[in-house]
Each structure stands twice: as structure tokens, then as C-alpha cells.
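J.:
In our numbering, the protein residues as written are 534 to 649.
(1) Does residue 596 come out as helix, strand or coil in the three-state DSSP assignment?
(2) Taking DSSP as the reference, what is the three-state secondary structure of residue 549?
(3) Under 8 Å: do the segment 614-627 and the segment 591-598 share three or more Cβ pairs, one atom per stretch?
(4) The alpha helix (DSSP H) with residue 641 in it runs from where to where?
(5) What's the gap between the Cα of residue 585 and the Cα of residue 579?
(6) Can you tell me where the beta strand (DSSP E) with residue 607 in it begins and where it stops?
(7) Which term fits residue 635, buried or exposed, when burial requires 16 or more other beta carbons within 10 angstroms of its beta carbon?
(8) Less than 7 Å between the C-beta atoms of residue 566 and residue 600, yes or no?
(9) Assign residue 588 to buried or exposed, taking buried as 16 or more other Cβ atoms, counted over all protein chains shown, within 10 Å of its Cβ.
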């Protein structure tokens with residue numbers, strides 16, 4: 534019996550490291566969904582990781598707005614809320630606002646419909 538198998542890839546937050554990942558995905562003809570927070574695009578930052586007792590700081594710079602369309606051109610852009618809040622702490626109206634505002638902003642940036 535033939536079985537159809539699928540693998541999906543999705544990554545969050547729109548960080549500069551996505552550019553390197555996209556080069557690999559494109560090289561092998563793979564598609565991915567990137568979930569972006571429109572309120573954080575272009576912000577600079579870092580995160581501190583402690584893995585097996587070793588602490589290191591990792592760049593967590595967000596891709597600038599003017600690069601978003603080109604960086605993600607071959608992939609799906611999806612909403613991840615404007616400000617990445619903890620949704621269970623928000624009212625229903627605020628959750629809807631976070632998602633819808635993000636979708637509208639992302640559609641404006643990439644010039645096409647955002648479904649996710």
C-alpha cells in the first residue's frame with residue numbers, strides 16, 4: 534500500500550538566522566511557514582542560553598521591515614500576533630486584535646494574503 538508522507542516546517546519570530554535557514558530550504562526545494570510578529574520587526578536583541586552548564590549569548594535580531602518581502606518570498610508568512618503576548622492572559626477582544634492587526638500589517642508588507 535502506498536502511503537503519502539508529508540513534513541512541515543515552521544519557525545517563529547522573524548530572526549536574522551532565518552536568512553541562512555532559507556538558503557538551505559531553497560537549495561533543496563523545501564517550503565516553510567515563518568510566523569512573524571509585526572510589532573517586533575527590525576528590533577535588535579539577544580538571548581542567553583544555558584546548555585549543559587555552558588552559558589552563551591545568541592543574537593536575536595529581527596529582520597527589518599524593508600527586507601521581509603524579499604527574505605520570505607518563496608515561503609509562507611503567517612501571523613504570530615503583533616506583540617507576542619501570552620494569549621491566555623488577554624481578553625477575547627484583545628486576542629482578536631493582536632492577530633487581525635498582525636495579519637493586516639503583514640499583508641501590507643509582503644503584498645499578498647496571509648492565511649496562517
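All residues carry an ideal CB built from backbone N, CA and C; glycine is no exception.
T.: This is what the structure holds:
(1) For the purposes of this step, residue 596 is taken as the residue at position 63 of the chain shown. Three-state DSSP puts residue 596 in coil, outside helix and strand.
(2) Within the chain shown, residue 549 is the residue found at index 16, counting from 1. In this structure, residue 549 counts as coil in the three-state DSSP scheme.
(3) no
(4) Along the chain shown, read from residue 1 onward, the residue named residue 641 stands at position 108. First-last of the alpha helix (DSSP H) with residue 641: 625-643.
(5) In the chain shown, residue 585 corresponds to position 52, counting from 1. In the chain shown, residue 579 corresponds to position 46, counting from 1. If I take the Cα positions, the gap works out to 19 Å.
(6) Mapped onto the chain shown, residue 607 falls at position 74. That residue, residue 607, is in no beta strand (DSSP E); it is neither H nor E in DSSP.
(7) Position 102 of the chain shown, counted from the start, is the residue given in the question as residue 635. Under this definition residue 635 is a buried residue.
(8) As a position in the chain shown, residue 566 is number 33, starting the count at 1. As a position in the chain shown, residue 600 is number 67, starting the count at 1. Taking 7 Å as the Cβ cut-off, residue 566 and residue 600 do not qualify as a contacting pair.
(9) As a first step, residue 588 must be located in the chain shown, where it is residue number 55. Residue 588 is exposed by the Cβ-count criterion.
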